[in-house]
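S.K.: In my numbering, the protein residues as written are 18 to 453.
1. By the DSSP assignment, the alpha helix (DSSP H) with residue 23 in it spans what residues?
2. Would you kindly report the start and end of the unbroken alpha helix (DSSP H) that includes residue 385?
3. DSSP on residue 346, reduced to helix/strand/coil?
4. Between residue 77 and the rest of its own chain, which residues show a CB-CB distance below 7 Å, the 5 nearest in sequence each way excluded?
5. For the alpha helix (DSSP H) that contains residue 125, what are its first and last residues?
6. Out of curiosity, what's the CA-to-CA distance linking residue 37 and residue 434?
7. Which value, in whole angstroms, describes the spacing of the CA atoms of residue 353 and residue 152?
8. Counting along the chain, where does the alpha helix (DSSP H) carrying residue 247 start and finish?
9. Give the range of the alpha helix (DSSP H) segment to which residue 217 is assigned.
10. Assign residue 314 to buried or exposed, taking buried as 16 or more other Cβ atoms, counted over all protein chains shown, within 10 Å of its Cβ.
11. Using DSSP bridges, identify the partner residues of residue 412.
12. Give the straight-line distance between the Cα atoms of residue 194 and residue 227, rounded to the nearest whole angstrom.
13. Would you call the CB atoms of residue 206 and residue 229 closer than 8 Å?
14. Using 8 Å as the Cβ pair cut-off and three pairs as the minimum, do the region 339 to 355 and the region 267 to 283 touch?
15. So, for residue 142: in the same chain, excluding its five sequence neighbours on each side, which residues have a beta-carbon less than 6 Å away from its beta-carbon?
16. Report the start-end ranges of each alpha helix (DSSP H) in the region 279 to 322 that is 4 residues or longer and not cut off at the edges.
17. Let's test the definition: count the other Cβ atoms within 10 Å of the Cβ of residue 305 and tell me whether it reaches 16, buried, or not, exposed.
18. Give the single residue among 135, 18 and 188 whose Cα lies nearest to the Cα of residue 93.
19. Report all residues from its chain with a CB closer than 6 Å to the CB of residue 215; omit the five preceding and five following residues, and keep chain order.
20. What does a CB cutoff of less than 6 Å around residue 204 pick up in its chain, not counting 5 residues either side in sequence?
21. In three-state terms, what does DSSP make of residue 57?
22. What first and last residue would you give for the beta strand (DSSP E) that runs through residue 175?
23. Would you mind working out which of 168, 259 and 391 sits nearest residue 411, comparing C-alpha positions?
24. Where does residue 144 fall in DSSP's three states?
25. Which residue from 34, 368, 386 and 130 puts its Cα closest to that of residue 393?
26. In the DSSP assignment, find the unbroken beta strand (DSSP E) run with residue 331 in it and report its ends.
27. Answer with buried or exposed for residue 18, where buried requires no fewer than 16 other C-beta atoms within 10 angstroms of its C-beta.
28. Suppose you measure from the CA of residue 246 to the CA of residue 57; what does that come to, to the nearest Å?
29. Select from 174, 437 and 253 the residue whose C-alpha is nearest the C-alpha of residue 400.
30. In angstroms, rounded to a whole number, what distance separates the CA positions of residue 333 and residue 283?
31. Name the residue from 421, 39 and 87 whose alpha carbon lies nearest to the alpha carbon of residue 132.
32. Hey, quick one: how far does the alpha helix (DSSP H) through residue 197 stretch, first residue to last?
33. How far does the beta strand (DSSP E) with residue 259 in it extend, from its first residue to its last?
34. What are the boundary residues of the beta strand (DSSP E) that includes residue 93?
35. So, is residue 123 buried or exposed, given that buried needs 16 or more other C-beta atoms within 10 angstroms?
36. Reducing DSSP to helix, strand and coil, say where residue 117 ends up.
Written as C-alpha coordinates, this is what we have:
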(Lines of atoms letter the chains of each structure in order from A and count residues from 1; the text may use other names and numbers.)
(Lines give C-alpha, C1' and ligand atoms only; values in the text may rest on other atoms or scores of the structure.)
Protein backbone atom coordinates (compact mmCIF):
# COMPACT_ATOMS: atom_id res chain seq x y z
CA UNK A 1 0.00 0.00 0.00
CA UNK A 2 0.94 3.64 -0.32
CA UNK A 3 4.15 4.68 1.48
CA UNK A 4 4.47 7.31 4.21
CA UNK A 5 7.15 10.01 4.25
CA UNK A 6 7.52 11.82 7.58
CA UNK A 7 9.08 15.29 7.35
CA UNK A 8 7.95 16.50 10.77
CA UNK A 9 10.72 18.08 12.81
CA UNK A 10 12.89 18.51 9.74
CA UNK A 11 13.79 21.75 7.98
CA UNK A 12 14.50 20.64 4.42
CA UNK A 13 15.86 23.18 1.97
CA UNK A 14 14.33 23.61 -1.48
CA UNK A 15 17.10 21.40 -2.88
CA UNK A 16 16.33 18.78 -0.21
CA UNK A 17 12.65 18.82 -1.13
CA UNK A 18 13.48 18.20 -4.78
CA UNK A 19 15.30 15.06 -3.71
CA UNK A 20 12.53 13.94 -1.36
CA UNK A 21 9.74 14.36 -3.86
CA UNK A 22 8.46 11.05 -5.15
CA UNK A 23 8.24 10.91 -8.92
CA UNK A 24 7.30 8.28 -11.45
CA UNK A 25 9.94 7.10 -13.88
CA UNK A 26 8.87 8.22 -17.34
CA UNK A 27 11.88 7.51 -19.53
CA UNK A 28 11.28 9.52 -22.67
CA UNK A 29 15.00 9.32 -23.47
CA UNK A 30 14.80 5.53 -23.68
CA UNK A 31 12.00 5.86 -26.24
CA UNK A 32 13.83 8.44 -28.34
CA UNK A 33 15.85 5.98 -30.42
CA UNK A 34 12.82 3.98 -31.49
CA UNK A 35 10.77 7.15 -31.97
CA UNK A 36 13.47 8.62 -34.22
CA UNK A 37 13.35 5.54 -36.45
CA UNK A 38 9.56 5.76 -36.66
CA UNK A 39 9.66 9.48 -37.49
CA UNK A 40 12.29 8.94 -40.17
CA UNK A 41 10.32 6.08 -41.69
CA UNK A 42 7.25 8.29 -42.07
CA UNK A 43 9.35 11.04 -43.65
CA UNK A 44 10.81 8.58 -46.15
CA UNK A 45 7.92 6.19 -46.84
CA UNK A 46 4.83 8.17 -45.88
CA UNK A 47 1.59 6.21 -45.85
CA UNK A 48 3.32 2.85 -46.30
CA UNK A 49 5.25 3.40 -43.07
CA UNK A 50 2.07 4.44 -41.26
CA UNK A 51 0.32 1.26 -42.40
CA UNK A 52 3.19 -0.90 -41.18
CA UNK A 53 3.23 0.91 -37.84
CA UNK A 54 -0.53 0.51 -37.36
CA UNK A 55 -0.24 -3.23 -37.87
CA UNK A 56 2.79 -3.53 -35.62
CA UNK A 57 1.74 -1.30 -32.72
CA UNK A 58 -2.06 -1.14 -32.85
CA UNK A 59 -2.83 -4.52 -34.39
CA UNK A 60 -5.00 -3.00 -37.13
CA UNK A 61 -4.76 -2.66 -40.88
CA UNK A 62 -5.39 0.84 -42.21
CA UNK A 63 -6.08 1.23 -45.91
CA UNK A 64 -7.87 4.60 -45.83
CA UNK A 65 -6.48 7.09 -43.34
CA UNK A 66 -8.87 10.03 -43.56
CA UNK A 67 -12.21 9.44 -41.90
CA UNK A 68 -15.16 10.19 -44.16
CA UNK A 69 -17.43 13.07 -43.25
CA UNK A 70 -20.40 10.69 -43.20
CA UNK A 71 -18.71 8.56 -40.52
CA UNK A 72 -18.13 11.64 -38.36
CA UNK A 73 -21.75 12.74 -38.76
CA UNK A 74 -22.97 9.25 -37.93
CA UNK A 75 -20.80 9.19 -34.80
CA UNK A 76 -22.41 12.44 -33.64
CA UNK A 77 -25.90 10.99 -34.21
CA UNK A 78 -25.03 7.82 -32.31
CA UNK A 79 -23.54 9.48 -29.23
CA UNK A 80 -25.21 8.49 -25.98
CA UNK A 81 -27.55 11.42 -25.20
CA UNK A 82 -26.05 12.03 -21.76
CA UNK A 83 -22.50 11.88 -23.16
CA UNK A 84 -23.49 14.27 -25.94
CA UNK A 85 -25.06 16.65 -23.43
CA UNK A 86 -21.92 16.55 -21.28
CA UNK A 87 -19.66 17.20 -24.27
CA UNK A 88 -21.79 20.13 -25.46
CA UNK A 89 -21.66 21.65 -21.98
CA UNK A 90 -17.92 21.06 -21.71
CA UNK A 91 -17.38 22.73 -25.08
CA UNK A 92 -19.39 25.77 -23.96
CA UNK A 93 -17.54 26.15 -20.67
CA UNK A 94 -14.06 25.65 -22.13
CA UNK A 95 -14.93 28.08 -24.92
CA UNK A 96 -15.91 30.77 -22.42
CA UNK A 97 -12.74 30.28 -20.37
CA UNK A 98 -10.55 30.19 -23.49
CA UNK A 99 -11.96 33.47 -24.77
CA UNK A 100 -10.69 35.16 -21.63
CA UNK A 101 -7.17 33.94 -22.50
CA UNK A 102 -6.89 35.77 -25.82
CA UNK A 103 -4.61 38.78 -25.21
CA UNK A 104 -5.46 42.19 -26.56
CA UNK A 105 -2.99 43.95 -28.81
CA UNK A 106 -1.06 46.95 -27.60
CA UNK A 107 0.56 50.08 -28.96
CA UNK A 108 3.59 51.77 -27.40
CA UNK A 109 4.93 55.22 -28.34
CA UNK A 110 8.53 55.33 -27.06
CA UNK A 111 9.13 58.77 -28.59
CA UNK A 112 7.34 61.26 -30.88
CA UNK A 113 7.03 59.73 -34.33
CA UNK A 114 7.92 56.25 -33.08
CA UNK A 115 5.36 53.48 -32.69
CA UNK A 116 5.61 49.84 -31.65
CA UNK A 117 2.48 47.75 -32.08
CA UNK A 118 2.08 44.23 -30.73
CA UNK A 119 -0.58 42.03 -32.23
CA UNK A 120 -1.40 38.37 -31.63
CA UNK A 121 -1.51 36.10 -34.64
CA UNK A 122 -2.94 32.56 -34.62
CA UNK A 123 -1.01 29.80 -36.29
CA UNK A 124 -2.51 28.80 -39.62
CA UNK A 125 -2.91 25.12 -38.86
CA UNK A 126 -2.83 22.92 -35.75
CA UNK A 127 -2.60 19.18 -35.19
CA UNK A 128 -4.28 17.45 -32.24
CA UNK A 129 -3.27 14.02 -31.00
CA UNK A 130 -5.94 12.04 -29.12
CA UNK A 131 -4.62 8.81 -27.59
CA UNK A 132 -6.22 5.39 -27.43
CA UNK A 133 -5.00 2.67 -25.08
CA UNK A 134 -6.24 2.28 -21.53
CA UNK A 135 -9.15 4.72 -21.83
CA UNK A 136 -11.15 6.76 -24.32
CA UNK A 137 -10.60 10.52 -24.26
CA UNK A 138 -13.34 12.59 -25.95
CA UNK A 139 -12.64 15.19 -23.27
CA UNK A 140 -9.14 15.59 -24.74
CA UNK A 141 -10.72 16.44 -28.08
CA UNK A 142 -12.57 19.29 -26.37
CA UNK A 143 -9.59 20.50 -24.34
CA UNK A 144 -7.25 20.64 -27.34
CA UNK A 145 -9.55 21.74 -30.15
CA UNK A 146 -11.59 24.44 -28.40
CA UNK A 147 -8.60 26.71 -27.53
CA UNK A 148 -7.33 26.40 -31.10
CA UNK A 149 -10.68 27.45 -32.53
CA UNK A 150 -11.02 30.32 -30.04
CA UNK A 151 -7.51 31.52 -30.95
CA UNK A 152 -8.60 31.73 -34.59
CA UNK A 153 -6.75 28.74 -36.03
CA UNK A 154 -8.30 28.18 -39.43
CA UNK A 155 -7.44 24.53 -39.94
CA UNK A 156 -7.32 21.71 -37.39
CA UNK A 157 -6.29 18.12 -38.13
CA UNK A 158 -7.02 15.44 -35.53
CA UNK A 159 -5.29 12.06 -35.34
CA UNK A 160 -6.17 9.07 -33.17
CA UNK A 161 -5.14 5.40 -33.27
CA UNK A 162 -7.35 2.79 -34.89
CA UNK A 163 -9.14 0.54 -32.39
CA UNK A 164 -9.28 -3.22 -32.85
CA UNK A 165 -12.66 -3.33 -31.11
CA UNK A 166 -14.04 -1.06 -33.84
CA UNK A 167 -12.52 -2.74 -36.87
CA UNK A 168 -9.47 -0.50 -36.97
CA UNK A 169 -11.51 2.72 -36.94
CA UNK A 170 -11.11 5.69 -34.63
CA UNK A 171 -13.22 5.23 -31.51
CA UNK A 172 -16.74 6.50 -32.34
CA UNK A 173 -16.95 8.69 -29.23
CA UNK A 174 -13.75 10.46 -30.34
CA UNK A 175 -15.30 10.98 -33.76
CA UNK A 176 -18.50 12.25 -32.16
CA UNK A 177 -16.62 14.82 -30.10
CA UNK A 178 -14.73 15.96 -33.21
CA UNK A 179 -18.01 16.27 -35.10
CA UNK A 180 -19.59 18.40 -32.38
CA UNK A 181 -16.67 20.81 -32.76
CA UNK A 182 -16.90 20.94 -36.54
CA UNK A 183 -13.57 19.16 -37.05
CA UNK A 184 -13.90 17.27 -40.31
CA UNK A 185 -10.23 16.41 -40.87
CA UNK A 186 -9.67 13.27 -38.82
CA UNK A 187 -7.07 10.58 -39.54
CA UNK A 188 -6.73 7.01 -38.32
CA UNK A 189 -3.16 6.92 -37.04
CA UNK A 190 -1.38 6.86 -33.72
CA UNK A 191 1.92 6.84 -31.88
CA UNK A 192 5.14 8.51 -32.92
CA UNK A 193 4.25 8.01 -36.59
CA UNK A 194 1.18 10.20 -36.24
CA UNK A 195 3.28 12.99 -34.74
CA UNK A 196 5.70 12.74 -37.68
CA UNK A 197 2.80 12.81 -40.14
CA UNK A 198 1.42 15.99 -38.59
CA UNK A 199 4.83 17.67 -38.52
CA UNK A 200 6.01 16.78 -42.03
CA UNK A 201 2.77 16.01 -43.84
CA UNK A 202 1.85 12.99 -45.93
CA UNK A 203 0.93 14.26 -49.41
CA UNK A 204 -0.42 10.97 -50.73
CA UNK A 205 -3.23 10.98 -48.16
CA UNK A 206 -3.83 14.73 -48.34
CA UNK A 207 -2.38 15.50 -44.91
CA UNK A 208 -0.66 18.89 -44.97
CA UNK A 209 1.93 19.84 -42.29
CA UNK A 210 0.77 21.73 -39.22
CA UNK A 211 2.50 24.49 -37.25
CA UNK A 212 1.60 23.36 -33.70
CA UNK A 213 0.98 19.87 -32.28
CA UNK A 214 -0.84 19.35 -29.00
CA UNK A 215 -2.27 16.43 -27.07
CA UNK A 216 -1.13 13.72 -24.64
CA UNK A 217 0.32 10.32 -25.44
CA UNK A 218 2.72 7.62 -24.31
CA UNK A 219 6.52 7.86 -24.06
CA UNK A 220 6.94 7.35 -27.81
CA UNK A 221 4.50 10.15 -28.60
CA UNK A 222 6.33 12.39 -26.12
CA UNK A 223 9.69 11.49 -27.64
CA UNK A 224 8.42 12.16 -31.16
CA UNK A 225 7.12 15.57 -30.08
CA UNK A 226 10.58 16.38 -28.73
CA UNK A 227 12.14 15.28 -32.02
CA UNK A 228 9.91 17.48 -34.20
CA UNK A 229 10.03 20.51 -31.86
CA UNK A 230 11.62 23.31 -33.83
CA UNK A 231 9.94 22.30 -37.05
CA UNK A 232 6.64 22.74 -35.23
CA UNK A 233 5.60 24.11 -31.88
CA UNK A 234 4.39 21.66 -29.24
CA UNK A 235 2.37 22.10 -26.08
CA UNK A 236 4.55 20.06 -23.72
CA UNK A 237 6.21 16.70 -23.19
CA UNK A 238 3.59 15.13 -20.95
CA UNK A 239 4.18 12.33 -18.49
CA UNK A 240 1.86 10.38 -16.23
CA UNK A 241 -0.88 12.30 -14.45
CA UNK A 242 -0.33 13.68 -10.93
CA UNK A 243 -2.45 14.81 -8.02
CA UNK A 244 -1.16 16.41 -4.83
CA UNK A 245 -3.62 17.16 -2.02
CA UNK A 246 -2.79 19.62 0.77
CA UNK A 247 -5.07 18.83 3.71
CA UNK A 248 -5.34 19.38 7.45
CA UNK A 249 -7.42 17.58 10.06
CA UNK A 250 -10.61 19.25 8.81
CA UNK A 251 -10.51 17.32 5.54
CA UNK A 252 -12.84 14.40 4.85
CA UNK A 253 -10.65 11.28 4.46
CA UNK A 254 -13.13 9.68 2.08
CA UNK A 255 -13.04 12.66 -0.28
CA UNK A 256 -9.25 12.72 -0.21
CA UNK A 257 -9.11 8.99 -0.94
CA UNK A 258 -11.54 9.07 -3.86
CA UNK A 259 -9.64 11.98 -5.40
CA UNK A 260 -6.34 10.10 -5.17
CA UNK A 261 -8.00 7.07 -6.76
CA UNK A 262 -9.57 9.19 -9.52
CA UNK A 263 -6.14 10.12 -10.86
CA UNK A 264 -4.46 6.79 -10.08
CA UNK A 265 -6.91 5.06 -12.43
CA UNK A 266 -5.30 6.80 -15.43
CA UNK A 267 -2.04 4.86 -15.41
CA UNK A 268 0.18 2.60 -13.34
CA UNK A 269 2.72 5.45 -13.28
CA UNK A 270 0.21 8.04 -12.05
CA UNK A 271 1.26 9.91 -8.91
CA UNK A 272 -1.09 10.31 -5.94
CA UNK A 273 0.35 12.39 -3.09
CA UNK A 274 -1.25 13.65 0.13
CA UNK A 275 0.63 16.28 2.14
CA UNK A 276 -0.95 16.75 5.53
CA UNK A 277 -0.36 18.17 8.98
CA UNK A 278 -2.50 15.39 10.49
CA UNK A 279 -1.17 11.89 11.10
CA UNK A 280 -4.71 10.83 11.97
CA UNK A 281 -5.99 12.01 8.58
CA UNK A 282 -3.18 10.15 6.83
CA UNK A 283 -4.12 6.93 8.65
CA UNK A 284 -7.80 7.36 7.84
CA UNK A 285 -7.04 8.06 4.16
CA UNK A 286 -4.94 4.91 4.03
CA UNK A 287 -7.84 2.94 5.52
CA UNK A 288 -10.22 4.41 2.95
CA UNK A 289 -7.86 3.47 0.13
CA UNK A 290 -7.78 -0.11 1.40
CA UNK A 291 -11.57 -0.14 1.44
CA UNK A 292 -12.26 1.66 -1.84
CA UNK A 293 -9.57 0.51 -4.27
CA UNK A 294 -10.96 -3.04 -4.69
CA UNK A 295 -14.33 -1.53 -5.61
CA UNK A 296 -13.06 0.54 -8.53
CA UNK A 297 -13.15 -0.64 -12.15
CA UNK A 298 -9.38 -0.54 -12.67
CA UNK A 299 -8.41 -1.78 -9.21
CA UNK A 300 -5.14 -3.42 -10.31
CA UNK A 301 -3.99 -0.31 -12.17
CA UNK A 302 -4.94 1.95 -9.25
CA UNK A 303 -3.19 -0.28 -6.72
CA UNK A 304 -0.04 -0.37 -8.81
CA UNK A 305 0.00 3.43 -8.99
CA UNK A 306 -0.56 3.81 -5.25
CA UNK A 307 2.16 1.25 -4.46
CA UNK A 308 4.67 3.00 -6.72
CA UNK A 309 7.48 5.23 -5.50
CA UNK A 310 5.68 8.19 -7.06
CA UNK A 311 2.79 8.04 -4.57
CA UNK A 312 2.99 8.87 -0.87
CA UNK A 313 1.35 10.19 2.26
CA UNK A 314 3.62 13.02 3.41
CA UNK A 315 3.50 14.32 7.00
CA UNK A 316 4.60 17.91 7.68
CA UNK A 317 4.63 20.21 10.70
CA UNK A 318 2.36 22.94 9.36
CA UNK A 319 0.58 24.20 6.25
CA UNK A 320 3.49 26.48 5.35
CA UNK A 321 5.67 23.38 5.08
CA UNK A 322 2.96 21.71 3.00
CA UNK A 323 2.98 24.65 0.58
CA UNK A 324 6.78 24.56 0.40
CA UNK A 325 6.64 20.87 -0.45
CA UNK A 326 3.99 21.46 -3.13
CA UNK A 327 5.89 24.34 -4.72
CA UNK A 328 9.01 22.19 -4.93
CA UNK A 329 7.01 19.30 -6.38
CA UNK A 330 5.17 21.43 -8.95
CA UNK A 331 2.14 19.14 -9.34
CA UNK A 332 -0.04 18.87 -12.40
CA UNK A 333 -3.14 19.03 -10.17
CA UNK A 334 -3.19 20.54 -6.69
CA UNK A 335 -6.15 20.23 -4.36
CA UNK A 336 -6.49 22.30 -1.18
CA UNK A 337 -8.75 20.94 1.56
CA UNK A 338 -8.06 22.90 4.76
CA UNK A 339 -9.73 25.29 7.18
CA UNK A 340 -7.99 28.19 5.42
CA UNK A 341 -8.07 27.31 1.74
CA UNK A 342 -7.54 30.87 0.54
CA UNK A 343 -4.63 31.41 2.90
CA UNK A 344 -2.95 28.27 1.60
CA UNK A 345 -3.67 29.26 -2.00
CA UNK A 346 -1.92 32.60 -1.45
CA UNK A 347 1.39 30.79 -1.00
CA UNK A 348 1.07 28.50 -4.02
CA UNK A 349 3.40 29.36 -6.90
CA UNK A 350 3.78 26.14 -8.85
CA UNK A 351 0.85 24.01 -9.98
CA UNK A 352 -0.72 23.28 -13.33
CA UNK A 353 -4.20 23.89 -11.90
CA UNK A 354 -5.40 24.43 -8.34
CA UNK A 355 -8.71 23.03 -7.07
CA UNK A 356 -9.86 24.88 -3.97
CA UNK A 357 -12.17 23.41 -1.36
CA UNK A 358 -13.98 20.10 -0.85
CA UNK A 359 -16.52 20.76 -3.63
CA UNK A 360 -13.85 21.19 -6.31
CA UNK A 361 -12.32 17.80 -7.17
CA UNK A 362 -9.75 17.40 -9.92
CA UNK A 363 -12.23 15.32 -11.92
CA UNK A 364 -14.38 18.45 -12.27
CA UNK A 365 -11.48 20.06 -14.11
CA UNK A 366 -11.01 16.93 -16.19
CA UNK A 367 -14.45 17.33 -17.70
CA UNK A 368 -16.77 20.22 -16.92
CA UNK A 369 -15.20 23.00 -14.84
CA UNK A 370 -14.35 25.00 -17.96
CA UNK A 371 -10.64 24.97 -17.14
CA UNK A 372 -8.28 23.04 -19.40
CA UNK A 373 -7.08 19.60 -18.34
CA UNK A 374 -3.97 19.59 -20.56
CA UNK A 375 -1.47 20.54 -17.86
CA UNK A 376 2.30 20.30 -17.23
CA UNK A 377 3.52 17.17 -15.45
CA UNK A 378 6.82 16.02 -14.00
CA UNK A 379 7.47 19.28 -12.17
CA UNK A 380 7.14 21.36 -15.35
CA UNK A 381 4.52 23.55 -13.67
CA UNK A 382 7.46 25.27 -11.96
CA UNK A 383 8.23 26.95 -15.29
CA UNK A 384 5.36 26.30 -17.71
CA UNK A 385 1.59 26.37 -17.90
CA UNK A 386 -1.29 24.37 -19.25
CA UNK A 387 -2.84 24.46 -22.69
CA UNK A 388 -4.86 27.53 -23.62
CA UNK A 389 -5.77 29.77 -26.50
CA UNK A 390 -2.33 31.36 -26.09
CA UNK A 391 -0.74 28.04 -27.11
CA UNK A 392 -1.90 28.73 -30.66
CA UNK A 393 -1.07 32.44 -30.70
CA UNK A 394 2.16 34.31 -31.43
CA UNK A 395 2.92 37.90 -30.47
CA UNK A 396 4.13 39.88 -33.46
CA UNK A 397 5.75 43.31 -33.19
CA UNK A 398 5.22 45.99 -35.82
CA UNK A 399 7.62 48.93 -35.78
CA UNK A 400 7.01 52.33 -37.40
CA UNK A 401 9.41 55.31 -37.14
CA UNK A 402 9.17 58.53 -39.08
CA UNK A 403 12.23 60.45 -40.34
CA UNK A 404 12.53 62.70 -37.29
CA UNK A 405 12.22 59.81 -34.83
CA UNK A 406 14.93 57.89 -36.68
CA UNK A 407 17.20 60.94 -36.74
CA UNK A 408 16.77 61.41 -33.01
CA UNK A 409 18.35 58.01 -32.20
CA UNK A 410 20.80 57.84 -35.10
CA UNK A 411 24.01 58.94 -33.34
CA UNK A 412 23.51 56.57 -30.42
CA UNK A 413 22.58 53.71 -32.75
CA UNK A 414 25.71 54.25 -34.85
CA UNK A 415 27.84 54.27 -31.69
CA UNK A 416 26.37 50.95 -30.54
CA UNK A 417 26.82 49.34 -33.95
CA UNK A 418 30.50 50.34 -34.02
CA UNK A 419 31.00 49.07 -30.45
CA UNK A 420 29.68 45.67 -31.59
CA UNK A 421 31.94 45.79 -34.70
CA UNK A 422 28.83 45.77 -36.89
CA UNK A 423 29.20 49.18 -38.56
CA UNK A 424 26.90 48.33 -41.49
CA UNK A 425 23.99 48.49 -39.08
CA UNK A 426 24.74 52.12 -38.42
CA UNK A 427 25.42 52.81 -42.07
CA UNK A 428 21.91 51.54 -42.93
CA UNK A 429 20.52 54.29 -40.70
CA UNK A 430 22.92 56.97 -41.91
CA UNK A 431 21.96 56.24 -45.53
CA UNK A 432 18.37 57.25 -44.71
CA UNK A 433 19.51 60.49 -43.15
CA UNK A 434 21.96 61.37 -45.91
CA UNK A 435 24.86 61.22 -43.47
CA UNK A 436 28.36 60.12 -44.51
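Virtual Cβ for every residue (Gly too), placed ideally from N, Cα, C.
M.R.: A quick look at the data gives this:
1. Careful: residue 23 lies outside any alpha helix (DSSP H), inside the beta strand (DSSP E) at 20 to 23.
2. Element bounds for residue 385: n/a, residue is neither H nor E.
3. helix
4. 71, 179, 181 and 185
5. First-last for residue 125: 123 to 128, but that is the beta strand (DSSP E), not the alpha helix (DSSP H).
6. 50 Å
7. Approximately 27 Å, taken between the alpha carbons.
8. That residue, residue 247, is in no alpha helix (DSSP H); it is neither H nor E in DSSP.
9. 208 to 217
10. exposed
11. Beta-bridge pairing links residue 412 to 137.
12. 21 Å
13. no
14. yes
15. 172, 227 and 228
16. 296 to 309
17. buried
18. Among 135, 18 and 188, the Cα nearest to that of residue 93 is on 188.
19. 144, 227 and 230
20. 82, 83 and 176
21. helix
22. 172 to 177
23. When each option's Cα is compared against that of residue 411, the closest is 168.
24. strand
25. 368
26. 329 to 332
27. exposed
28. About 14 Å.
29. 253
30. 27 Å
31. 421
32. 189 to 197
33. Membership of residue 259 in the beta strand (DSSP E) is indicated by the continuous run 259 to 264.
34. Taken as a continuous stretch (DSSP letters only), residue 93 belongs to no beta strand (DSSP E), being part of the alpha helix (DSSP H) at 86 to 94.
35. exposed
36. coil
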